[in-house]
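**Student:**
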Amino acid sequence: MKAHRAILVELPKDKCDVDYIKRLMTLSNLAYRGYEIWVPDVPKRVQYQIYGFKNYMGSLVFGTTPKRWFAETWVPLKTLRIYGDGTRRGATDALVVLDFKKNVIKLHQVCKNEHGYSIEAPMPSWVIGRLREGGDVKFAMIGLKDDKPFLALVVERVVEPYQPSNCMLAIDVNAWNHGIAWGLIKDGKLVKWKPERPRLSEIEALYSLSVRLSKKYGKLKRLGLSKTAEGEKLWLEIKKVRRKIYAKLRDYTQKLVRRLVRKALRHRALVVIDNMIEESRRELLEEKIPSGLRKLYLMYTRRFVRLLITQLEWYGVPYRLRRLSSTVCPVCEHELTQEDGRVMICANCGFKAPRDMVPMYWAMKLFEAMKSNLNIKDSFTSV
351 MKAHRAILVE LPKDKCDVDY IKRLMTLSNL AYRGYEIWVP DVPKRVQYQI
401 YGFKNYMGSL VFGTTPKRWF AETWVPLKTL RIYGDGTRRG ATDALVVLDF
451 KKNVIKLHQV CKNEHGYSIE APMPSWVIGR LREGGDVKFA MIGLKDDKPF
501 LALVVERVVE PYQPSNCMLA IDVNAWNHGI AWGLIKDGKL VKWKPERPRL
551 SEIEALYSLS VRLSKKYGKL KRLGLSKTAE GEKLWLEIKK VRRKIYAKLR
601 DYTQKLVRRL VRKALRHRAL VVIDNMIEES RRELLEEKIP SGLRKLYLMY
651 TRRFVRLLIT QLEWYGVPYR LRRLSSTVCP VCEHELTQED GRVMICANCG
701 FKAPRDMVPM YWAMKLFEAM KSNLNIKDSF TSV
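Residue numbers (the working numbering): 351 to 733.
So this is what it looks like as structure tokens:
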């Protein structure tokens, strides 16, 4: 099985021609759709790279056909790798050269439309780490994000899922206000359970500050004073506060994924993921939480699932996406009633547990069902 991971490397904007990169992205969009349009003033070497990927339609590099014409389609590029011992791998005509002897990345003629133009960027330590794990940077993509130039490096690795032990790691994905709960099941018994969530007091305090500043900015805007020095200063402050919120949630998401993957590797566990984000959205609506906070509580939850699956595949951890209900009794399968404190009770059999723990009981039932299957690995393969 081929596993992939990617990293974005920000390129110096003063050394890149944003308009030129936009043109290359437009050509890539057309190439996705099967067209070949040769532009006289764009280097043929660059255009050969774009159309050289026509045979990769549907692959990781060329991806899915954009839904809209002239969408921001990143430019796929081949790579040449130069290793510490002097060996070279990849395409000799590649426009992206990764020099591991000097720890730099060289880009030729894709940042500015000048003959022989090239720039260098430092090699991220993340790439070195993936190489040590047996990966190889076979492809790259250049494009714009928020009108800033970025290079995406795609690392590929061939890996087979390991034979799981007698452990299962169940992960129940909820909105951040209730946390992402995980449970470690060993020999059919729940040996550890823990809900994880960021420091909501910090996040909510920053959100409240953002709301207050936005209201103040709104007043200036209605008075036509948003372009004054005071208005621009206020707008910069709003953006700074929002960036802090995004950064805290993003960093927490990445660290939590890393911890859970390490836990799965340490116990050689099967991983079951209950990804019911839409159910969390409905629950937030039922609780009548303001729309701004709803968005905040759901921010990066989908990213969490994507990162988790990517890293599980990278390390060969067998996983499956399965529904682990928190509203149906795991004993008699009757509907549960929620009481204060998110405690779920079954009126039929008397079952009682915190709502975020109910999915763990379903995971234990699933483990027992899989235990009866002699080849557990076949039942829990990557999807």
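Don't be surprised by glycine CBs; every beta carbon is placed ideally from N, CA and C.
Note that this is a predicted model, so its numbers are computed, not measured.
(1) Within 10 Å of its beta-carbon, does Leu686 have 16 or more other beta-carbons around it, so buried, or fewer, so exposed?
(2) With H, G and I counted as helix, E and B as strand and the rest as coil, what does DSSP make of Tyr398?
(3) Relative to the C-alpha of Pro511, which candidate in Ser560, Met351, Arg373, Lys721 has its C-alpha closest?
(4) Give me the Cβ distance between Ile535 and Met714, rounded to the nearest whole Å; I'm assuming they're in contact under 8 Å.
(5) CA-CA distance, Val504 and Met473?
(6) Is the separation between the beta-carbon of Met518 and that of Leu620 shorter than 7 Å?
(7) Going by DSSP in three states, Val591 sits in which element: helix, strand or coil?
(8) Can you grab the Cα-Cα spacing for the pair Asn725 / Ser560, in whole Å?
(9) Given a cut-off of 7 Å on the beta-carbon distance, is the pair Arg547 and Gly533 in contact?
(10) Tell me which same chain residues have a C-beta within less than 6 Å of the C-beta of His458, skipping the five on either side of it?
(11) Let me confirm a value: Arg549 is counted as buried when at least 16 other C-beta atoms fall within 10 Å, else exposed. Which label applies?
(12) Would you call the region 485-505 and the region 602-609 in contact, with 3 or more CB pairs under 8 Å?
(13) For Phe500, name the three-state secondary structure that DSSP assigns.
(14) So, Ser378 versus Thr415, is the Cβ gap smaller than 7 Å?
(15) So Tyr567 and Ser576 are supposed to be a Cβ contact under 8 Å. How far apart are they, rounded?
(16) Taking the beta strand (DSSP E) that Cys368 falls in, what are its first and last residues?
(17) By DSSP's criteria, Tyr669 is part of a beta bridge. Which residues make up the other side?
(18) Mapping the DSSP letters down to three states, classify Ala713 as helix, strand or coil.
(19) State whether the region 695-705 contacts the region 387-406, with contact taken as three or more CB pairs (one from each stretch) at a distance under 8 Å.
(20) Assuming the contact rule is C-beta atoms closer than 8 Å, Arg600 and Tyr647 should be a hit. Round their C-beta distance to whole Å, please.
(21) Helix, strand or coil for Asp706 per DSSP?
(22) So, with DSSP's three-state summary, where would you put Thr731?
(23) Per DSSP, what kind of secondary structure is Ala719 in: helix, strand or coil?
(24) Identify every residue that forms a DSSP beta bridge with Ile492.
(25) Taking the alpha carbon of Leu430 as the reference point, which residue from Ile371, Lys571, Lys488 has its own alpha carbon closest?
(26) Residues bridged to Glu306 by DSSP?
(27) Based on DSSP bridge pairs, tell me the residues matched to Arg507.
**Tutor:** Checking against the coordinates, here is how it stands:
(1) One-based indexing of the sequence shown puts residue 686 at position 336. Burial call: buried.
(2) Translated into the one-based positions of the sequence shown, residue 398 becomes position 48. In the three-state reduction of the DSSP assignment, Tyr398 falls in the helix class.
(3) Along the sequence shown, one-based indexing puts residue 511 at 161. Ranking the options by Cα distance to Pro511, first place goes to Met351.
(4) The sequence position of residue 535 within the sequence shown is 185, counting from 1. The sequence position of residue 714 within the sequence shown is 364, counting from 1. With a Cβ gap of about 6 Å, Ile535 and Met714 count as contacting.
(5) On the sequence shown, residue 504 is found 154 positions in, with the first residue counted as 1. On the sequence shown, residue 473 is found 123 positions in, with the first residue counted as 1. Using only the alpha carbons, I get a separation of about 14 Å.
(6) Along the sequence shown, read from residue 1 onward, the residue named residue 518 stands at position 168. Along the sequence shown, read from residue 1 onward, the residue named residue 620 stands at position 270. Annotated as proximal: Met518 and Leu620, with beta-carbon spacing under 7 Å.
(7) Stepping through the sequence shown from its first residue, residue 591 is reached at position 241. Note: Val591 maps to helix in three-state DSSP.
(8) Here residue 725 is taken as the residue at index 375 of the sequence shown, counted from 1. Here residue 560 is taken as the residue at index 210 of the sequence shown, counted from 1. Unreliable positioning characterises Asn725 in this predicted model, as indicated by a pLDDT of 46, which lies under 50. The coordinate reading is nonetheless provided below. Taking the Cα positions, Asn725 is about 53 Å away from Ser560.
(9) Here residue 547 corresponds to residue number 197 of the sequence shown, with the count starting at 1. Here residue 533 corresponds to residue number 183 of the sequence shown, with the count starting at 1. Against a cut-off of 7 Å, the Cβ pair of Gly533 and Arg547 comes out as no contact.
(10) On the sequence shown, position 108 is the one that residue 458 refers to. Correct list, in chain order: Leu445, Ser468.
(11) Your numbering for residue 549 matches position 199 in the sequence shown. Residue environment: Arg549 is assigned as exposed (fewer than 16 neighbouring CB atoms within 10 Å of its CB, all protein chains considered).
(12) Touching, no, given that fewer than three Cβ pairs across the two stretches are closer than 8 Å.
(13) Looking up residue 500 in the sequence shown gives position 150. Note: Phe500 maps to strand in three-state DSSP.
(14) For the purposes of this step, residue 378 is taken as the residue at position 28 of the sequence shown. For the purposes of this step, residue 415 is taken as the residue at position 65 of the sequence shown. Taking 7 Å as the cut-off, the Cβ atoms of Ser378 and Thr415 do not count as close.
(15) Within the sequence shown, the letter at position 217 stands for residue 567. Within the sequence shown, the letter at position 226 stands for residue 576. By a beta-carbon distance limit of 8 Å, Tyr567 contacts Ser576. Their separation comes to about 7 Å.
(16) Here residue 368 refers to the residue found at position 18 when the sequence shown is read from its first residue. Sequence check: residue 368 is Val here, not Cys. Not the beta strand (DSSP E): Val368 falls in the alpha helix (DSSP H), residues 368-382.
(17) The count along the sequence shown starts at 1 and reaches residue 669 at position 319. Answer is Val621, bridged to Tyr669.
(18) For the purposes of this step, residue 713 is taken as residue 363 along the sequence shown, with counting starting at 1. Three-state result, Ala713: helix.
(19) Contact fails: fewer than three Cβ-Cβ distances are below 8 Å.
(20) Position 250 of the sequence shown, counting from 1, holds the residue named residue 600. Position 297 of the sequence shown, counting from 1, holds the residue named residue 647. About 15 Å separates the two Cβ atoms, so there is no contact after all.
(21) Within the sequence shown, residue 706 is the residue found at index 356, counting from 1. Reduced to three states, the DSSP call for Asp706 is coil.
(22) Locating residue 731 in the sequence shown gives position 381, counting from the first residue. Only weak support exists for where Thr731 lies, its pLDDT of 40 falling under 50; the value from the coordinates is given anyway. Of the three classes helix, strand and coil, the one that applies to Thr731 here is coil, per DSSP.
(23) Within the sequence shown, the letter at position 369 stands for residue 719. The answer is helix: DSSP assigns Ala719 an H, G or I state.
(24) Here residue 492 corresponds to residue number 142 of the sequence shown, with the count starting at 1. DSSP output for Ile492 lists Val425, Leu501 as bridge partner(s).
(25) Residue numbering aside, residue 430 sits at position 80 when the sequence shown is read from its first letter. The candidate whose alpha carbon is nearest that of Leu430 is Lys488.
(26) Any question about residue 306 goes unanswered here, given that the chain covers just 351 to 733.
(27) Taking the sequence shown and counting its residues from 1, the one referred to as residue 507 is at position 157. Paired residues: Ala353.
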